[in-house]
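Some notes on the structure that comes next.
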Amino acid sequence: MPGSIPFGGGTGEPVPAPWPSRVSVLNAEAAATGKDAKAPRSLNPKMIARLKRRCFLRLLFLALSGAIFWCLFVCGFLSYLFPAAFSRDPQAHLLDLNAPGVTAFHKLLKGLPLPRLHEKTTIDNSAVVVGVHGTVKAPYSRLVDHLLKLATLPILTGEPRYVTGDDLSVIIPVRNEEAYLPKTLKYLFETTPPERIHEVIIVDDNSDQPIQKLIEASLPEHMRKKMRFIRFDSYQGLIRGRIAGAAIATSENIFFLDGHCRPKPGWAEPLIAHLKINYRRIACPKIYDIYATTWEDVGTDGTKMMFEWTFEFGWFEDLEDEVPVLSGGILAMTKKWWLESGLYDDGMLEWGGENLEQSIRVWLCGGEIVAVQESKIGHIFSRPPKPNPGNRLVIQVQKNQKRAAKVWLDEYYNLFYKYHREVRTHQEGDTSARKRLRFEKLTCMPFQWFVEKFKTAFDRSSLLDHNFFHIQHAHTGMCLSSKKFPGFPDERLVLEPCEMKTRRQQWTVAGGGRLLANRDKKCVDAYGNQENLRAPILWKCDWNSVLQNKNANQFWQFDASFPGKLPASLNATGRIFSFQHPDATSLTGHDTLPVYRHLAVSHKARCLATEDEPEAAEKAEKAAGAGPRDVFVRWRSCDEPVVPSPPPSSPGAPPSSATAAEAGAKAPPALNAGDRMRFEPKWIYAPLSSRFGVRTLQDAERITDAAAQAYVDNPPQPVDAD
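Position 328 of the sequence shown, counting from 1, maps to 328 under UniProt numbering, and the rest follow consecutively.
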């Protein structure tokens, strides 16, 4: 039956459909018209293609929308975790340490093995060694260093992390600097964003003409409104001027500046960024020397200093960002740390010595001083000298230096007293307040800690008397020395009879175990090469090139057996050898290099050795005008076999056995490789101090002029190394 469903209800009876089907309608129409029923009309292919295109475009749009959404989401999340990576601020790599997620990201990377650098890779001067996995490039290394400080400081101090502000109180003490100060202030405001300068405090140290009137007459209103003035009724000196200026500063950060400086664009932001990492940090800009007439660069600059035992100090550079001694006049620090660390010593008058006292105090008492290479300040060093009637200024500087030395140097005050003869008759005044600051208020390390931390800087200046020892040749019993010969411009290495007080026989292994230097601050230099085997000489120490593995001529290791370094040195070969190896590179300036003993007995190294042919040595001595006791030292291959020279014989006839035996008996004994190349430390000195424990006021009372004079009168004697 048309229009019905064939099965239904399980009865076999057709069940009427609830609606007419399409097929029944077509059949009915066909029966009425007498035509055959047609199949349903199919879709147009063009319509199908159009639908496919529409679906594809909609799916593509949906996919792109999803991709854009996820990109925005991921970038937004990363910018939340690491905002500095998306910042246009060139100094933002320091600011991102405050962002959430950095510490967790560092913990994720910390356990992974770090890739080693290729031996020819250029090393950034501020890179550091991280962990035991190898060396890494500077940006990541610096980040890790900062992260470790951020993570450990709250734990070590037991205090919540302190985050400082984004501006500076600039403090400028001046006296009769009307020729320089207006220009300094103009450069300061022109090169600094307004939001970075909280205030400028001018401390007028009783100038002949009041500075405030000069500034108000020469600078525009927008500069003057940020200035504050202090004027002393009597001359107080530079040190007290800075103390007074910092006392009224209202910013969380203070910046000391001289009145004859030219800040360069972008100087402020890097300093502030460093203070945010650690509020106990002092940030020092790079200081350029500029002309007093044109205020243009002279061409010299520096960021860090190191002192002598006379407390004279000068510029030096190494591979570190850490500064042993700051220059004193130009630095940034938080006011919180300025107050906590004890300001300046108000017992110091005029100027001089305050930078040394502050540098040692900050390092020993939980702070740090860093060089900020991105911050640049010009400074006029060549200015007319100040009036100095009766040498008053120099004497006051020496008194200030003695105050600092007596409070902070511990037993090393003996060396200060020994080498700085001018201070012996000066009275430093009452230092009890500064001693209470060190031993009761602050938690400070002994000065020996400072010596160990900046060992390379002390080595460069040959400051540690106890570091020097005599080097004795094992076979001859003579000591390594140096001598100047006629017609030869440089000192050459020789062997001479050992004399305890001879300075040219005193040596030290410096540069983390890389250089062999003498008391005259010169290093052994392998003048020549493997082919001509010319004698080593003494030359000016090329510290940084040796530390960066760029100057193999001055790279030397001494594989010696020293007392107190057992059992590592029990199997010492006694060789003084040089080699080229990628691991010899230093990235920090003072990381210690272990002795590569396996290279000391291989063809990869070159060793110092005496002449293996006594006749040739004797002829060379006579030709060079050397004395009969001098024995030249050559640099030879460490694994080169020794061939004893044959005894002399008449030409044309082979010597008889008796003649050969007689000649052999008269000839000096031939040196084997071990004898010819073996050196040993002979006399060594005990260090002045090895104490790293807590010091007390009772310890400070033992540091007296009388004790130092006793040290000078009866200096400690060296002892045999064995």
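Just so you know, even glycine gets a beta-carbon here, dropped at the ideal spot from N, CA and C. What you are looking at is a predicted structure, and each value in this text was computed from that prediction instead of being measured.
Does the distance from the CB of R575 to the CB of M445 come in under 8 Å? no
Taking C-beta to C-beta, are W267 and T164 nearer than 8 Å? no
For S234 versus E199, is the C-beta spacing smaller than 8 Å? no
Closest residue to C284 among D430, G429, W539 and L257 (Cα-Cα distance): L257
Give me the Cα-Cα distance between R262 and Y187, rounded to the nearest whole angstrom. 6 Å
Work out the CA separation of Q236 and I395 for me, nearest whole Å. 16 Å
Just verifying my parser: in three-state terms, what is the DSSP assignment at F555? coil
Decide if the segment 458-470 is in contact with the segment 297-311; the criterion is three or more beta carbon pairs, one per stretch, under 8 Å apart. yes
In three-state terms, what does DSSP make of N711? Sequence check: residue 711 is Tyr here, not Asn. Here Y711 sits in helix by DSSP.
What are the residues that DSSP puts in a beta bridge with S578? R606
Closest residue to E491 among C607, C523, A49 and G366 (Cα-Cα distance): C523
As a quick exercise: from D297, A510, T588 and L214, pick the residue whose alpha carbon is nearest that of I377. D297
Return the chain-ordered list of same chain residues with a C-beta closer than 8 Å to the C-beta of I243, the five sequence neighbours on each side being excluded. L343, Y344 and D346
Please report the Cβ distance between F469 and I684, rounded to the nearest whole angstrom; I am assuming they are in contact, meaning their Cβ atoms lie under 8 Å. 5 Å
Check whether the segment 402-411 and the segment 315-327 touch, using three or more Cβ-Cβ pairs below 8 Å as the test. no
Euclidean distance between Cα positions of K521 and R434: 35 Å
Assuming I290 is part of the beta strand (DSSP E), what are its boundary residues? R281 to I290
Status (buried if at least 16 other CB within 10 Å, exposed otherwise) for A707: exposed
Comparing C-alpha positions only, which one of G477, C541 and M227 sits nearest to I171? M227
Alpha helix (DSSP H) segment containing W338, residue limits: K335 to E340
Cα-Cα, which of N206, L697 and S169 is closest to residue 754? This structure does not reach residue 754, given that the chain is present from 1 up to 722, and the question cannot be answered.
I think V546 touches R514, with their Cβ atoms under 8 Å apart; what is that distance to the nearest whole Å? 5 Å
Length-filtered (4 minimum) alpha helix (DSSP H) runs lying within the UniProt domain "Glycosyltransferase 2-like" (169-303): 181-190, 211-218, 221-224, 238-247 and 268-277
Excluding the 5 residues flanking G511 on each side, which residues of the same chain have their C-beta closer than 7 Å to its C-beta? T456, D459, W543, V546 and L547
Same chain only: Cβ atoms within 6 Å of H426, ignoring 5 sequence neighbours per side: Q398, K399 and K402
Can you give the Cα-Cα distance for V23 and K52, rounded to whole angstroms? Note that V23 has pLDDT 48, beneath the 50 cutoff, so the model's placement of it is unreliable and the number below is only indicative. Rounded to the nearest angstrom, the two C-alpha atoms are 30 Å apart.
Can you give me the start and stop residues for the alpha helix (DSSP H) that L538 sits inside? Premise fails: L538 lies in the beta strand (DSSP E), I537 to K540, not in any alpha helix (DSSP H).
For D705 versus Y419, is the C-beta spacing smaller than 8 Å? no
Sorted by chain position, which residues of the same chain lie with C-beta nearer than 6 Å to T508's C-beta, five sequence neighbours on each side aside? N467, F468 and A517
Tell me the DSSP bridge mates of S482? L493
Please name the residue in A605, A249, E312 and R438 whose C-alpha comes closest to that of S341. R438
Write down the C-beta distance between L331 and I282 rounded to the nearest angstrom, noting that I regard them as a contact closer than 8 Å. 5 Å
Can you tell me whether K550 is buried or exposed, with buried defined as 16 or more other CB within 10 angstroms of its CB? exposed
May I have the straight-line CA-CA distance separating D204 from E499, to the nearest angstrom? 58 Å
Along the chain, where does the alpha helix (DSSP H) containing A405 start, and where does it finish? R392 to W408
Per DSSP, S327 is paired with what? Per DSSP, none; premise fails for S327.
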